[in-house]
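So the sequence shown is numbered by the UniProt record's numbering: it starts at 1 and just counts up by one. Cβ coordinates follow ideal geometry from the N, Cα and C atoms, glycine included. All remarks here apply to the structure that follows.
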Amino acid sequence: MIQFYYHPSPNPAKVALCLEETGLDYAMIPVDTRNGEQFVRVGLGASDALHFRA
């Protein structure tokens, strides 16, 4: 299952639409950056990345 961390804005909405249209199994996890919440991106390679809550 894909864990999709997002902040309500146009670009994450595009990713959510893509996930929905492809039928992939995913969970949407909101991140409220206005209240100081952050997440960290860890690159594994040219096309892979993991996101962790900080």
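Whole-number beta carbon distance between isoleucine 2 and leucine 17, since they are thought to touch under 8 angstroms: About 14 angstroms separates the two Cβ atoms, so there is no contact after all.
- If we ignore side chains and look at the alpha-carbon of each, how far apart do asparagine 35 and glutamate 21 end up? 31 angstroms
- Query: Whose C-beta lies closer than 8 angstroms to the C-beta of tyrosine 26 among residues of the same chain, with five residues either side of it excluded?
  - Reply: Met1, Ile2, Gln3, Phe4 and Leu19
Margin query: For residue 122 and proline 30, I'd like the C-alpha separation in whole angstroms.
Written below: Residue numbering for the chain in the displayed model covers 1 to 54; residue 122 lies beyond these limits and cannot be assessed.
Under a three-way DSSP split, which group does proline 12 fall into?
helix
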